[in-house]
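Mapping the sequence shown onto this note's numbering, position 188 (from 1) lands on 626, and the numbers just tick up by one.
Ideal placement from N, C-alpha and C gives every residue a C-beta, glycine not left out.
Shown next, in structure tokens, is the structure this report addresses.
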Amino acid sequence: MTFLIIIAGIIVTALLAYAIVNYIPRKLHWIVSLVLIALAALLVYKINFEIRKPIKFNKEKKVKYAKVINNLKIIRDAEVAHKKVTGAYTSNGDNLIKFIDTAKFALTQTRNVPKTIDVGGGITKEIEERVIDTIGYEEVRAQFVGRDYKNMMQIPGTDQKFKIEVGVVEKIAGLKAPVFEVKVDKALILKGMDHNLVKQEKEAIGGEEIRGEYVRIGSLGEVSEDGNWPPSYDKGDKKDNE
């Protein structure tokens with residue numbers, strides 16, 4: 439786009455110069471000069487605007503994405519907790535919030551207990567049996583202190599909510615595992631921004647960009663609790679954990 443503006447500016451300037459020399463009286467050249475100065479100023483403004491537009495777009499999109507990703511991380515942690523307690527993920531966002539408010543983790547302790555077993559023929563053998571004892575409970579919401587889990591299902595900057603999909607995949611023959619996925623179209627997050635730049639954003643293939651058309655966490659096709667964004671969006675988490 440910027441290249442086309444520059445080419446158009448050069449062509450218009452050349453045509454005006456030709457017209458001045460061949461058709462416009464010398465006494466009117468000062469007026470033409472003012473017009474050319476105005477056009478030059480407009481051209482510089484347009485070029486500068488086109489150059490700055492993607493820079494501004496990238497800055498604003500990262501702010502929008504960060505807010506969405508923050509909620510997706512809370513949903514992910516809630517789903518992981520739900521699976522730990524119940525053995526499965528849930529597709530009901532409201533129930534997931536209630537789960538955080540009411541559920542508890544069992545705190546366990548593992549110990550080895552000596553045991554005598556009969557191996558036959560009057561022969562016994564001493565072994566150690568692994569025993570897991572429940573020594574207490576911890577509220578799930580204790581892990582979400584300072585995190586706005588009450589509003590985690592809201593897609594920031596929109597009037598819509600995330601939808602959680604759950605399923606089962608076969609890890610190896612005969613062994614199945616529960617999975618979940620939450621995703622949101624980039625176009626929804628970036629609604630109101632430059633259409634062409636949003637289109638380019640949806641075609642991102644990775645690197646320092648969020649790959650694909652969606653901002654996503656989890657997967658229905660493989661056992662994964664990861665998001666599809668680059669590590670730069672997780673820097674704050676690492677800092678908090680230090």
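Burial state of residue i (16 or more Cβ within 10 Å)
i: Val-482; result: exposed
i: His-633; result: exposed
i: Asn-509; result: buried
i: Ala-479; result: exposed
i: Ala-452; result: exposed
i: Lys-629; result: exposed
i: Ile-445; result: exposed
Residue i versus residue j: straight-line alpha-carbon distance, rounded
i: Glu-567; j: Asp-556; result: 14 Å
i: Glu-647; j: Glu-641; result: 10 Å
i: Gly-612; j: Val-661; result: 15 Å
i: Lys-677; j: Phe-582; result: Low confidence applies here, because Lys-677 scores a pLDDT of 45, under 50, leaving its location unreliable; read the following figure in that light. Between Lys-677 and Phe-582, the C-alpha separation is close to 17 Å.
i: Val-506; j: Met-590; result: 9 Å
i: Lys-542; j: Val-636; result: 43 Å
i: Gly-665; j: Phe-495; result: 22 Å
i: Gly-560; j: Thr-548; result: 31 Å
According to DSSP, residues forming a beta bridge with residue i
i: Asn-509; result: Beta-bridge pairing links Asn-509 to no other residue.
i: Lys-563; result: Ile-555
i: Arg-654; result: Lys-621
i: Ala-615; result: Val-607
i: Gly-574; result: Leu-545
Inter-residue CB distance, residue i and residue j (contact presumed, cutoff 8 Å)
i: Leu-545; j: Ile-573; result: 5 Å
Q.
If contact is defined by three or more beta carbon pairs under 8 Å, each pair taking one atom from either stretch, is the region 562 to 578 in contact with the region 613 to 623?
A. no
Q: Determine contact between the region 490 to 500 and the region 651 to 659, defined as no fewer than three beta-carbon pairs at a distance below 8 Å.
A: no
Q: Determine, using beta-carbon pairs with one atom in the region 520 to 533 and one in the region 602 to 615, whether at least three such pairs fall under 8 Å.
A: yes
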